[in-house]
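As structure tokens, the structure follows; a few thoughts come after it.
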Amino acid sequence: MLSTQALPVVRATAPVVGANISAISELFYRRLFEAHPELLRNLFNRGNQANGSQRDALAGAVAAFASLLVERPDERPDAILGRIANKHASLGITSDKYTIVARHLLGAIPDVLGDAVTPEVAAAWDEVYWLMANALIALEARLYAQASVADGDVWRQMEIVERDEVSEDAASFVLRRPDGTSAPSFRPGQYVSVQVELPDGARQIRQYSLSAAPSQKDWRITVKRERSLDGVQPEGEVSTWLHTHAQVGDVLDVSLPFGDLVFPDADTPLLLASAGIGVTPMLSMLDHLANAGSQRRVIVVHADRSPATHAHRYEHVELVNRLANGSMHLWYESGADAHPALEAAEGRADLSDFALPQGTTAYLCGPLPFMQSVRGHLIGNGVPAASVHYEVFGPDLWLSRQ
Ligand SMILES: Cc1cc2nc3c(=O)[nH]c(=O)nc-3n(C[C@H](O)[C@H](O)[C@H](O)COP(=O)(O)OP(=O)(O)OC[C@H]3O[C@@H](n4cnc5c(N)ncnc54)[C@H](O)[C@@H]3O)c2cc1C
Ligand code: HEM
33 MLSTQALPVV RATAPVVGAN ISAISELFYR RLFEAHPELL RNLFNRGNQA NGSQRDALAG
93 AVAAFASLLV ERPDERPDAI LGRIANKHAS LGITSDKYTI VARHLLGAIP DVLGDAVTPE
153 VAAAWDEVYW LMANALIALE ARLYAQASVA DGDVWRQMEI VERDEVSEDA ASFVLRRPDG
213 TSAPSFRPGQ YVSVQVELPD GARQIRQYSL SAAPSQKDWR ITVKRERSLD GVQPEGEVST
273 WLHTHAQVGD VLDVSLPFGD LVFPDADTPL LLASAGIGVT PMLSMLDHLA NAGSQRRVIV
333 VHADRSPATH AHRYEHVELV NRLANGSMHL WYESGADAHP ALEAAEGRAD LSDFALPQGT
393 TAYLCGPLPF MQSVRGHLIG NGVPAASVHY EVFGPDLWLS RQ
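Okay, here's the thing in structure tokens:
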């Protein structure tokens, strides 16, 4: 909760800070990386820096947090922090780093807003930052404790024991502990971070959802190769490296699993809606439900460009067939006829004829426009917003683009 001195100051200045938050966050990152170039090479995703998406995600989160503090001062606005804390934990971020970020982020506010930032205003925003930072530090400490590791000690070596090409542009990698013991368990829907050393020596990290059920000896991830569609935009750095270099017998640096797109064990109906490579967390959830002999009603919706781009397409359908109460609804923009066994419709996903059972909880994963359209449809049909969960395969821009 903000102090009584800070609350009116934050309320009065939130509009001007909010209006300038993108410029503040841009200056913050520039200063941070000037002072600590190793953070950009080896911790932050330099593609997200180049295209500005991480800047927007940070700005959106700070603005959303500040507005919750002033609009609902008696509530703990931790709900929006779960995703960030999980991402931070999967990167092994420790509490000492928050002081470095504080220096550059809080220093950027007066540099962008000028004389409007009186000592009272600076002190009030210092409070906002540390409320947010301390809430994140506490959440991250809990995640490390749950994983039974010291703060930040999340990186492990994993050997690739199998590689399969599972669509025109996706490959799966089965990962095993080098000593052959079982990989740590996780909750279906969670992801790991993978760190690779690129040709210029930078160590870049990306997240990949675990694409098979837990409680098996190994983990599996499925990586889509990010190609340049126009020849101008660069190819994805880590996915291209994995596709061109990672082979059976190689050892990768992989984090323990984290992520908050997980469902509680219950018997309520589920909707699992994915598009493109967003299928990966759904495969893990479906595999888990099928192994457990779940009787839950599970409606699966998937949209893809064509059968050729649908990663693990037959496995996806088979998993739904193994469920006692599962149904599959597939759409391909083209080529549906080529694989009649998949019983797909041609065109874009259309949920307008869907009658969802009462009490359905929805899990969405795919490009933002797909998820926004599905979510809009669900909410329009009476599904409470709190029952719609989603995973974005990049910095979460939902908060900054509402
Ligand atoms: C929780 C989570 C789970 C995920 N699960 C999966 C999964 O299961 N499978 C999967 O395949 N992916 C998954 N992802 C996405 C994955 O983490 C990577 O983002 C993806 O592989 C692309 O990484 P990359 O290094 O290949 O591309 P990057 O190099 O990061 O590039 C990403 C995009 O930015 C653009 N870009 C890069 N540099 C510039 C520049 N200088 N200027 C303009 N644009 C630029 C690229 O053209 C590309 O379109 C997940 C992400 C998250 C956050
Ligand atoms: C109050 C302080 C902080 C806030 C509000 C914050 C906010 C965020 C947000 C919103 C994201 C994007 C999450 C997503 O949607 O995927 C993120 C990711 C990240 N954060 Fe933080 N963060 C803070 C502190 C830190 C610190 C101290 C570090 C370590 C130096 C750090 C390093 C990172 C990295 C490396 C990523 C992933 C970046 C990427 O993949 O592009 N953050 N953070």
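The number in my numbering is simply the position in the sequence shown, starting from 1, with 32 added.
All C-beta atoms, glycine included, are put in the ideal place defined by N, C-alpha and C.
A quick note: this is a predicted structure, and the numbers were derived from the prediction, not measured.
Straight-line Cα distance separating residue j from residue i
{"i": "L230", "j": "R259", "result": "17 Å"}
{"i": "R115", "j": "G291", "result": "7 Å"}
{"i": "R407", "j": "T393", "result": "11 Å"}
{"i": "E103", "j": "N166", "result": "20 Å"}
{"i": "R309", "j": "S243", "result": "In the sequence as displayed, the identity of residue 309 is Ile instead of Arg. Straight-line Cα distance between these residues: approximately 10 Å."}
{"i": "L171", "j": "L113", "result": "8 Å"}
{"i": "P210", "j": "S225", "result": "18 Å"}
{"i": "H361", "j": "D336", "result": "11 Å"}
{"i": "V186", "j": "S287", "result": "5 Å"}
{"i": "A450", "j": "V420", "result": "Because the chain spans 33 through 434 in this model, residue 450 falls outside it and cannot be assessed."}
{"i": "R235", "j": "G412", "result": "44 Å"}
{"i": "R380", "j": "A368", "result": "11 Å"}
{"i": "F218", "j": "P289", "result": "6 Å"}
{"i": "P142", "j": "S57", "result": "12 Å"}
{"i": "Y176", "j": "E365", "result": "42 Å"}
{"i": "R78", "j": "Q178", "result": "30 Å"}
{"i": "S359", "j": "A387", "result": "13 Å"}
8 Å contact criterion, which residue i and residue j should meet: CB distance rounded
{"i": "A340", "j": "S199", "result": "6 Å"}
{"i": "S204", "j": "T276", "result": "The pair is not a contact, with the Cβ atoms about 16 Å apart (cut-off 8 Å)."}
{"i": "P427", "j": "N80", "result": "6 Å"}
{"i": "A156", "j": "V42", "result": "5 Å"}
{"i": "M314", "j": "L304", "result": "5 Å"}
{"i": "V469", "j": "L101", "result": "As displayed, the chain neither begins before 33 nor continues past 434, which places residue 469 out of reach and without an answer."}
{"i": "G414", "j": "P301", "result": "Not a contact, Cβ separation roughly 14 Å."}
{"i": "A343", "j": "P399", "result": "With a Cβ gap of about 15 Å, A343 and P399 do not count as contacting."}
{"i": "V206", "j": "E194", "result": "4 Å"}
Simplified DSSP assignment, three categories, for residue i
{"i": "I132", "result": "helix"}
{"i": "Q434", "result": "Note that Q434 has pLDDT 45, beneath the 50 cutoff, so the model's placement of it is unreliable and the number below is only indicative. It is coil, neither helix nor strand."}
{"i": "T300", "result": "coil"}
{"i": "D262", "result": "coil"}
{"i": "Q86", "result": "helix"}
{"i": "N413", "result": "coil"}
{"i": "F290", "result": "strand"}
{"i": "R235", "result": "strand"}
{"i": "A377", "result": "strand"}
{"i": "E229", "result": "strand"}
{"i": "G391", "result": "coil"}
{"i": "D250", "result": "coil"}
{"i": "E70", "result": "helix"}
Residue i, enclosing alpha helix (DSSP H) - first and last residue
{"i": "N77", "result": "N77 -> no alpha helix (DSSP H), and no H or E assigned at all."}
{"i": "A177", "result": "P151 to Q178"}
{"i": "S57", "result": "I53 to A67"}
Any chain B beta carbon closer than 8 Å to residue i
{"i": "Q227", "result": "Protein chain content of the structure displayed is limited to a single chain, and chain B is not contained in it."}
Residue interval of the beta strand (DSSP E) (run including residue i)
{"i": "M33", "result": "Where M33 is concerned, there is no enclosing beta strand (DSSP E), given that its DSSP letter is neither H nor E."}
{"i": "H435", "result": "Nothing can be reported for residue 435: it is not among the residues displayed for the chain, which extend from 33 to 434."}
{"i": "K119", "result": "From DSSP, K119 is part of no beta strand (DSSP E) but of the alpha helix (DSSP H) over G114 to L123."}
{"i": "L315", "result": "Run containing L315: none in the beta strand (DSSP E); it sits in the alpha helix (DSSP H), V311 to N323."}
{"i": "V270", "result": "Counting along the chain, V270 falls outside any beta strand (DSSP E), though it belongs to the alpha helix (DSSP H) covering E269 to H277."}
{"i": "F295", "result": "It is not in any beta strand (DSSP E) - F295 carries neither H nor E in the DSSP assignment."}
{"i": "F205", "result": "A202 to R208"}
{"i": "G358", "result": "N357 to Y364"}
{"i": "E194", "result": "W187 to E197"}
Note to self: Whether or not the stretch 245-257 and the stretch 212-221 are in contact is what I'm after, with contact meaning three or more pairs of Cβ atoms, one per stretch, closer than 8 Å; do they touch?
What the structure shows: Short answer: they touch.
Note to self: I want to know whether the stretch 312-327 touches the stretch 180-194 - three or more CB-CB distances under 8 Å.
What the structure shows: The stretch 312-327 vs the stretch 180-194: no contact.
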